[in-house]
Amino acid sequence: MVFAMQFSSGTSIFSPEVQGILTLVLLAATLALFYYAMIQMSPKKTQEEVEVKTVITCTSTGQTTERAFQKGDYVGKILGECENSGQSVITSIFEVKKEINKSKK
586 MVFAMQFSSG TSIFSPEVQG ILTLVLLAAT LALFYYAMIQ MSPKKTQEEV
636 EVKTVITCTS TGQTTERAFQ KGDYVGKILG ECENSGQSVI TSIFEVKKEI
686 NKSKK
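Numbers given in my numbering equal positions in the sequence shown, counted from 1, plus 585.
Here it is in structure tokens:
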């Protein structure tokens, strides 16, 4: 009965200073929990080493060779002549990913 009377009369158990401190502590705890949840949901970053490769095909023999990508390469680019008077053409460009996981010690 006394408990109900305290809240119905508009007075509080705590002084205004204590209420302000409790509000700030509750707000800080809520923000910290929200920040922690956002960090846990973010994707984990791993370092990746990427190597770009170019595949060159001879149009007359169908022989393919693979080399490192060079600036200016594009699919369909004619590089010159190959065996049996054919042309060397870039047929594909792709990347090879090498994943590196750094463990914390």
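Where is the CB? At the ideal position from N, CA and C, for every residue including glycine.
For residue i, three-class secondary structure by DSSP
| i | result |
| --- | --- |
| V603 | helix |
| V610 | helix |
| S670 | helix |
| I598 | coil |
Length of the line joining the Cα atoms of residue i and residue j
| i | j | result |
| --- | --- | --- |
| S673 | S645 | 9 Å |
| T596 | E602 | 14 Å |
| F679 | N669 | 27 Å |
Nearest-angstrom beta carbon gap, residue j and residue i [assumed within contact, 8 Å]
| i | j | result |
| --- | --- | --- |
| V660 | T676 | 7 Å |
| L607 | F599 | 7 Å |
| K683 | E634 | 4 Å |
Residue(s) in a DSSP beta bridge with residue i
| i | result |
| --- | --- |
| F654 | DSSP, once it has assigned bridges, lists no residue as partnering F654. |
| Q625 | Answer is none; Q625 lacks a bridge partner. |
| S677 | V640 |
| V635 | K682 |
Beta-carbon proximity check, residue i vs residue j, cutoff 8 Å
| i | j | result |
| --- | --- | --- |
| D658 | T631 | no |
| V637 | F654 | yes |
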